[in-house]
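What follows is a set of notes on a single structure, which appears directly below.
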Amino acid sequence: TLNEEDITENVVDGKYSLEKLTEDVTFAVKFRKLYTIATIFNSEEGVVTINGQEKNPIQVSFDTKVDFEITPNEGYEIDKVLLNEVDITADVVDGKYSIEKASEDVALNVTFRKLLVIGATFNNEEGSVTINGEEVNPILISTGSTVDFAITPNEGYEIDKVLLNEVDVTEHLQDGLLHIENVAGNIVLNVTFRKMMLIVTEFASEYGSVTINESEE
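The following block contains the structure:
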């Protein structure tokens, strides 16, 4: 203020001038604290920007809006977000979180986690395998997710053996489906098919009949 008149908007780059001094002057300046806004994260797993800047930390004035944007690197997802040690993960929407008015120093701590890789190996000339209804192979999922494999032999083939990370799970199939809940690690499903045998019989029906596996042909 200059003689109690607010001249804040006339101060440019911290400077103000009186061309001619013609009276007593009281020049009063009031300062306010800048708040430090910082982020903590592993840059090999993702990036966190503050108000669109990668600069970290930044300082903002009281009542300034602060926008955080969290972008996981490929193969990662957001695990947990702490704002001054308070878990706000549920409040992060599409990787974004905002503080409407800054009123204190802030540290946003973001941790990422690696997505799990779910894949299947098979001979597509003999059959197909879909993962969660998708033909995409492999797929990436979050820890704790559910995975459904659907195995479909081509005509003339049947399922021979199914290995889940080298463990035989063939007997756990139900109509060609394998359901896995709460997945905690990477998965490779190896499916082998085998060709079905064609049995042909020739005979004169007026002289008798032939049964195969108790079915009359």
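Okay, so the sequence shown: first residue is 1269 according to my numbering, each after it adds one. Backbone N, C-alpha and C fix where the C-beta goes; we use that ideal spot for every residue, glycine too.
- Closest option to residue 1464, judged by alpha-carbon separation, among 1295, 1395, 1400: 1395.
- For secondary structure counted as the beta strand (DSSP E) over 3 or more consecutive residues, the region 1293-1361 holds these complete runs in sequence order: 1303-1308, 1314-1318, 1326-1328, 1334-1340, 1344-1351.
- Within the region 1351-1410, the runs of beta strand (DSSP E) at least 3 residues long that lie entirely inside it are, in chain order, 1364-1367, 1374-1382, 1384-1389, 1395-1399, 1407-1409.
- In this structure, DSSP gives residue 1277 a helical state, which the three-state scheme calls helix.
- The C-beta distance from residue 1457 to residue 1397 rounds to 7 Å, short enough to meet the 8 Å contact threshold.
- Its Cα nearest to that of residue 1330, the residue 1372 stands out among 1400, 1372, 1414, 1462.
- If you check the CB distance, residue 1416 and residue 1400 come in under 9 Å.
- Under the DSSP definition of a beta bridge, residue 1288 lacks any partner.
- Residue 1341 and residue 1445 have their C-alpha atoms some 32 Å from each other.
- Judged by beta-carbon spacing, residue 1326 lies within the 9 Å limit of residue 1318, meaning their Cβ atoms are closer than that value.
- With respect to the 9 Å criterion, residue 1348 and residue 1355 are classified as neighbours on the basis of their beta carbons.
- If you look at residue 1441, you'll find it isn't in any beta strand (DSSP E); DSSP assigns it neither H nor E.
- In the three-state scheme derived from DSSP, where H, G and I count as helix and E and B as strand, residue 1433 is classed as coil.
- DSSP places residue 1418 within a strand segment (E or B) once states are collapsed to three.
- Counting C-beta pairs closer than 8 Å gives three or more between the region 1379-1387 and the region 1298-1318, which meets the contact rule.
- Ranked by Cα distance from residue 1360, the first of 1374, 1414, 1335 is 1335.
- For residue 1459, the enclosing beta strand (DSSP E) stretches over residues 1455-1463.
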